[in-house]
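Here the working numbering = 1-based position in the sequence shown + 37.
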Amino acid sequence: VLETKEHPVAYDGFEPSGLAHLPFGVFRPLLLEQLLKAGIRCKLYLADWFAWINNKMGGDLEKIRRVGEYFVEVWRAAGVDLNKVEIVWASDLVKRAEYWKRVILIAKHCTVARAERALTIMGRKRGEMKEVAQYFYPMMQVADIFELNVDICQLGLDQRRAGMLAREIGEKLGWGKPVVASHHMLMGLEGRKQPEGYEESAEMDVAIASKMSKSKPESCIYVHDSKEEIFRKLSKAYCPPKETENNPVLDYAKHLVFRKFPSVVVRREARYGGDTEFASYEELESAYRKGELHPLDLKRAVAEYLDKMISPIRKHFETDEKARELYEFVKSQRITR
């Protein structure tokens, strides 16, 4: 797409629900920075109507809207230049008559079976679908892609079915085929989970079940966590010695720490080898695989760098009155899935 367009448009969508965690408040801004540097124009889609359909925040649209405003403050605090991105709300898009015509056209070109396979983009299993409104979800998500006039669907890997459906239907209706560039899903602190029935592919099912989720506090580091809380959570994280596959602590080192910092220093007492600097993730992983790096030393180092990344976000919500009020509101709500 970069060969045909100087500044292609990418989008990512977010259901406003719950407190921001590492994937939303740290990982996504890092990816966004890379896209902007590559000359790609980015739209951040606050999918408030989708959260409503998905019964987030108890299905209260006003509460969902406030969580969306909180999300914007998280982006601001994370260093996203809001002058360089376009923020779009689903509640504005749905006011267009043409939008609903597009939704119906998509639905007419999609079988019930195909729609049911795509329902997992809601983060739910087929047996959990109890409302007809939930069947609108994939049709609306595909409509968004074309209504927003984007070239690239830069969504999480768990959203790939929406992108695949958009490519199929877009070609049928002469709307074009968007590029689907799915990004990595950070693992939860507990590591690899058993398949839970989200996907037909066992590998994909495990990846979705194992991802860090805002609604599962035991698996999650939030952008409001204190330095001590980050250390406490990481100290309990799944991280077997010499094991580099499905290791969440190494996952954060690779996709967060080394994406932000050119090198990483692991601090140790002299009797345990002293401080060691790693110039790349590959060096760090190799040392861990060989047993040259103890799990606790790895956890401490990753916690230290994560705290450096989260600290400006924490500070913004402590010092900015509007941001603090939004945070207190979201924190006070019972998070529903």
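For glycine and all other residues, C-beta sits at the position ideal for the given N, C-alpha and C.
Bear in mind the structure is a predicted one, so any value in this text is a computation, not a measurement.
Using a Cβ distance threshold of 7 Å, K214 and G225 do not count as a contacting pair. Pairing A84 with G50 gives a Cβ-Cβ distance under 7 Å. Secondary structure note for L81: its beta strand (DSSP E) is the uninterrupted segment 78 to 83. Annotation for A47: the continuous beta strand (DSSP E) segment containing it runs 46 to 51.
Membership of I245 in the alpha helix (DSSP H) is indicated by the continuous run 239 to 247.
Just so you know, the alpha carbons of S272 and V339 end up roughly 10 Å apart. Secondary structure remark: continuous alpha helix (DSSP H) runs of at least 4 residues inside the region 217 to 305, in chain order: 239 to 247, 264 to 272, 285 to 289.
By a beta-carbon distance limit of 8 Å, I189 contacts A218. Their separation comes to about 5 Å. Looking at the DSSP output, E123 bridges to K80. Note that the region 300 to 310 touches the region 329 to 344; at least 3 beta-carbon pairs, one per stretch, sit closer than 8 Å.
According to the DSSP assignment, E329 belongs to no alpha helix (DSSP H), since it is labelled neither H nor E. Exposed is the label assigned to Y309, since fewer than 16 other Cβ atoms lie within 10 Å of its Cβ.
Of all alpha-carbon atoms in V122, L130, P299, the one lying nearest the alpha-carbon of H44 is that of V122. Burial check for F354: the Cβ neighbour count within 10 Å reaches 16 or more, so the residue is buried. Under DSSP, C147 forms no beta bridge with any residue.
In this structure, the alpha-carbon of S256 lies about 31 Å from that of V216.
In chain order, H220 place their CB closer than 7 Å to the CB of L68, counting only its own chain and leaving out the 5 sequence neighbours on each side.
If you draw a straight line from the Cα of Y107 to the Cα of W86, it comes to about 16 Å. L210 has its alpha-carbon roughly 12 Å from the corresponding atom of V179. Where F61 is concerned, there is no enclosing beta strand (DSSP E), because DSSP gives it neither an H nor an E. In the structure shown, T41 adopts coil according to DSSP, grouped into three states.
Under the three-state reduction of DSSP output, E319 falls in the helix class.
The beta-carbon separation of R337 and K279, rounded to 18 Å, does not stay under the 8 Å limit for a contact.
Around the beta-carbon of K42, fewer than 16 other beta-carbon atoms lie within 10 Å, marking it exposed.
By the C-beta criterion, the region 99 to 119 is judged to be in contact with the region 359 to 366, since at least 3 inter-stretch pairs fall below 8 Å.
In chain order, W89 place their CB closer than 7 Å to the CB of G96, counting only its own chain and leaving out the 5 sequence neighbours on each side. Distance from the CA of D129 to the CA of A316, rounded to the nearest whole angstrom, comes to 46 Å. When DSSP states are grouped into helix, strand and coil, E168 belongs to the coil group. Three or more Cβ pairs closer than 8 Å define a contact, and the region 53 to 61 meets that threshold against the region 259 to 267. Judged by their CB atoms, Y48 and V149 are not nearer to each other than the 7 Å cut-off. The straight-line gap separating the alpha-carbon atoms of K93 and E314 is approximately 43 Å. The three-state secondary structure of G55, taken from DSSP, is coil. Bounds of the alpha helix (DSSP H) holding A199 are 197 to 209. Per DSSP, the continuous alpha helix (DSSP H) segment holding D181 begins and ends at 173 to 184.
For the set L293, R113, V125, A134, the Cα lying nearest the Cα of M222 is the one of L293.
Taking a 10 Å sphere around the C-beta of P66, we find 16 or more other C-beta atoms and assign the residue as buried.
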